[in-house]
Amino acid sequence: MKIVLGIGGGIAAYKAAELARALLEPGHEVQVIMTQAAQEFVRPLTFAALTGRKVITGMFPAQTGGDTLASAVEHIAVATSSDLLVVAPATADLMAKFAHGLADDFLSTLYLAFTGPVVLAPAMNTNMWRHAATQRNLETLQQRGHHIVGPEEGELACGMVGPGRMSEPEKIAAAVCAVLSARRDLEGETVLVTAGPTQEPLDPVRFISNRSSGKMGYALAEAARARGAEVVLVSGPVALGPPAGVKVVRVRTAVEMREAVLAHLEWASIIVKAAAVADYHLARVPEHKMKKTAARLSVELDPTPDILAEVGRRKGGRLLVGFAAETQDLVAEARRKLVSKGCDLLVGNRVDREGVGFESDDNEVTLVSCTGEVTPLPRAPKRELADRIYDELLKLRLTIHAAR
Ligand SMILES: Cc1cc2nc3c(=O)[nH]c(=O)nc-3n(C[C@H](O)[C@H](O)[C@H](O)COP(=O)(O)O)c2cc1C
88 MKIVLGIGGG
98 IAAYKAAELA
108 RALLEPGHEV
118 QVIMTQAAQE
128 FVRPLTFAAL
138 TGRKVITGMF
148 PAQTGGDTLA
158 SAVEHIAVAT
168 SSDLLVVAPA
178 TADLMAKFAH
188 GLADDFLSTL
198 YLAFTGPVVL
208 APAMNTNMWR
218 HAATQRNLET
228 LQQRGHHIVG
238 PEEGELACGM
248 VGPGRMSEPE
258 KIAAAVCAVL
268 SARRDLEGET
278 VLVTAGPTQE
288 PLDPVRFISN
298 RSSGKMGYAL
308 AEAARARGAE
318 VVLVSGPVAL
328 GPPAGVKVVR
338 VRTAVEMREA
348 VLAHLEWASI
358 IVKAAAVADY
368 HLARVPEHKM
378 KKTAARLSVE
388 LDPTPDILAE
398 VGRRKGGRLL
408 VGFAAETQDL
418 VAEARRKLVS
428 KGCDLLVGNR
438 VDREGVGFES
448 DDNEVTLVSC
458 TGEVTPLPRA
468 PKRELADRIY
478 DELLKLRLTI
488 HAAR
């Protein structure tokens, strides 16, 4: 594969030499582009020697030594012939230029002309990283679907301790390889994912909710996007940033979640209901805050709409994945729910074990399919399990189609 390695003007520019080597090792072609500032830190000769190619150091023939039209439009030629752009270190300046579409040097101009996947490894002083401007630029770049690696926490060259250190070259190279080899088996699919808890108000300031963090649903949205699907994520209130390239619809209550799900039902080809929707709510929420008194307080709760069952009834040929958070009889409960809600696949989730389930980064689940198969998936990061769930779902679709 042809990789463009863009190097920005930061101390970590010296680590880009290791990165170039790590990218060359599996046989990729690496074209290095250095900004003017990068050349203050490392000499282009280092990269020319490593890659066996001329390093691009400027935009205009007078800077690059070329004088033909071919070299004058090199930024377009490199952009159209390359498979991936990785920028390491991605300085605060480069992130700002990319986010805003400035094109005042070779790297930023190539960035605009490039249509393939982009991997950025930011590196900068902690305060620069935390600055609202950089964070806003980061959000823009993430929403554009770029892959951001790091930065890591630790001691920085400036003596500060905090986030800002560029990730190690091996980690950036692994991210590049993962992006290049990513499966695109959900291309053409429209995936609707729900995530997080719902909040059911008791009065204008109080609510009933649950411990769902939304991490599993967000991982499922991210995985579907990475595999080429268009993704809409209907999210209850969570403390997670939007996954790159995913449209997020934020809701609060079960009733709002139902509306958002039904609004996208026709659009979706796969529906994954990972949200932990409240089972009960107060149908008539008082207008004013309840006052504390010495008397015991009772509230009568009504069942919330059963979104999963409704989608199950109306899904037509769509694939429907449900979740069951259980503390006992996992497989039996998952089977019961699979049938009663009309799901194709049910993900049974033990939520009473240390280190997995609600709030954790890891999970351990059992898949129960409409063909009767029971597949336990051992403990793994939620993002990895998300991929396993789609693997099983795609296999299941083949079985369902073969049986028709
Ligand atoms: C010694 C030194 C170290 C620097 N390190 C960084 C850094 O790690 N990250 C960063 O964003 N800027 C850093 N800068 C500032 C950039 O070099 C400056 O913003 C420059 O305009 C970036 O240009 P570029 O993004 O086109 O490479 C550093 C500057 C100096 C003098």
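Each step along the sequence shown adds one to the number in this note's numbering, with nothing skipped, and position 267 is 354. Ideal placement from N, C-alpha and C gives every residue a C-beta, glycine not left out. The structure displayed is predicted, hence computed values, not measured ones.
Legend entry - Straight-line gap, E105 to G246 (C-alpha atoms, nearest Å): About 23 Å.
Legend entry - Burial state of E161, where buried means 16 or more other Cβ atoms lie within 10 Å: Counting Cβ neighbours within 10 Å, E161 comes out buried, since at least 16 surround it.
Inset, instruction - Say yes only if the C-beta of L181 is nearer than 8 Å to one or more non-hydrogen atoms of ligand 1, and no if none qualify. - result: Placement of the Cβ of L181 at a distance of less than 8 Å from at least one heavy atom of ligand 1 is found.
Legend entry - Boundaries (first-last residue) of the alpha helix (DSSP H) holding P131: Per DSSP, the unbroken alpha helix (DSSP H) holding P131 starts and ends at 131 to 138.
Legend entry - Per-residue DSSP class, three states only, for N214: Correct three-state label for N214: helix.
Inset, instruction - Please state whether DSSP places R437 in a helix, a strand or coil. - result: Strand, per DSSP.
Legend entry - Contacting residues, own chain, Cβ-Cβ under 6 Å from V318 (five flanking each side not counted): Excluding its 5 nearest sequence neighbours in each direction, V318 has C-beta neighbours in its own chain below 6 Å: V278, A308, A311, R312, V333, listed in chain order.
Legend entry - As assigned by DSSP and simplified to three states, the class of R337: When secondary structure is reduced to three states using DSSP, R337 falls in the strand class.
Inset, instruction - Determine the burial state of T340: buried for a count of at least 16 other Cβ atoms within 10 Å of its Cβ, exposed for fewer. - result: By the Cβ-count criterion, T340 is buried, with 16 or more other Cβ atoms from all chains shown falling within 10 Å of its own Cβ.
Inset, instruction - Using 8 Å as the cut-off, classify the Cβ of D499 as near or not near the heavy atoms of ligand 1, replying yes or no. - result: Any question about residue 499 goes unanswered here, given that the chain covers just 88 to 491.
Inset, instruction - Please name the residue, chosen from V142, K376, E441, A355, that lies closest to V292 on a Cα-to-Cα basis. - result: Looking at the Cα atoms, K376 is the closest of the given residues.
Legend entry - Coil, strand or helix - P324 by DSSP: Of the three classes helix, strand and coil, the one that applies to P324 here is coil, per DSSP.
Inset, instruction - Take R491 and list the residues in its own chain whose beta-carbon comes closer than 7 Å to its own, dropping the five residues that flank it on each side. - result: Correct list: empty, nothing qualifies.
Inset, instruction - Give a yes or no on whether the C-beta atoms belonging to I94 and F147 are separated by under 9 Å. - result: In this structure, F147 does not lie closer than 9 Å to I94 by Cβ.
Inset, instruction - Please work out which residues of its chain come closer than 6 Å, Cβ to Cβ, to W575, disregarding the five sequence neighbours upstream and downstream, and give them in chain order. - result: In the structure displayed, the chain extends from 88 to 491; residue 575 sits before or after that span and is not available.
Inset, instruction - Answer with buried or exposed for H115, where buried requires no fewer than 16 other C-beta atoms within 10 angstroms of its C-beta. - result: With a threshold of 16 other beta carbon atoms within 10 Å, H115 meets it and is buried.
Inset, instruction - Report the residue from A412, K258, L406 whose alpha carbon sits nearest the alpha carbon of C430. - result: Here the closest residue by C-alpha is L406.
Inset, instruction - Decide if the stretch 343 to 362 is in contact with the stretch 393 to 409; the criterion is three or more beta carbon pairs, one per stretch, under 8 Å apart. - result: Segment contact: the stretch 343 to 362 against the stretch 393 to 409, three or more CB-CB distances shorter than 8 Å; contact assigned.
Inset, instruction - Identify the continuous beta strand (DSSP E) that holds G409 and give its terminal residues. - result: Start and end: 406 to 413.
Legend entry - Helix, strand or coil at H233 according to DSSP, with G and I counted as helix: The DSSP-derived three-state label of H233 is coil.
Legend entry - Cβ shell of S427 (< 8 Å), same chain only, five flanking positions each side left out: Contacts found: A396.
Inset, instruction - May I have the straight-line CA-CA distance separating G328 from I357, to the nearest angstrom? - result: Computed Cα separation, rounded: 23 Å.
Inset, instruction - To the nearest angstrom, report how far apart A100 and E127 are at their CA atoms. - result: About 10 Å.
Inset, instruction - Please indicate yes or no: does the CB of K482 lie closer than 8 Å to some heavy atom of ligand 1? - result: No heavy atom of ligand 1 is found nearer than 8 Å to the CB of K482.
Inset, instruction - May I ask which residues mark the beginning and end of the alpha helix (DSSP H) holding P580? - result: There is simply no residue 580 to check, as the chain begins at 88 and stops at 491 in what is shown.
Legend entry - Distance CB(A282)-CB(P238) smaller than 9 Å: Remark: C-beta atoms of A282 and P238 do not approach each other more closely than 9 Å.
Inset, instruction - Return the CA-CA distance between A210 and V129, expressed in angstroms with no decimal places. - result: A210 and V129 have their C-alpha atoms roughly 16 Å apart.
Inset, instruction - Taking only heavy atoms of ligand 1 into account, decide whether any of them is closer than 8 Å to the Cβ of K102. - result: For K102, the Cβ stays outside the 8 Å cut-off from all heavy atoms of ligand 1.
Inset, instruction - Could you tell me the boundaries of the alpha helix (DSSP H) in which K102 lies? - result: Looking at the DSSP string, the run of the alpha helix (DSSP H) that includes K102 is 102 to 111.
Inset, instruction - Measure the alpha-carbon distance for K360 versus L267 and round it to whole angstroms. - result: Distance between the alpha carbons of K360 and L267: 29 Å.
Legend entry - Environment of N234 [buried if 16+ CB atoms lie within 10 Å]: The question names Asn, but residue 234 is His in the sequence shown. Buried is the call here.
Legend entry - Three-state secondary structure (DSSP) of G118: One point to set straight first is that residue 118 is Gln, not Gly, in the sequence displayed. Here Q118 sits in strand by DSSP.
Legend entry - Spatial neighbours of L111 in its chain, beta-carbon cut-off 6 Å, leaving aside the 5 residues before and after: Once the five neighbours on either side are set aside, the close Cβ partners of L111 are V117.
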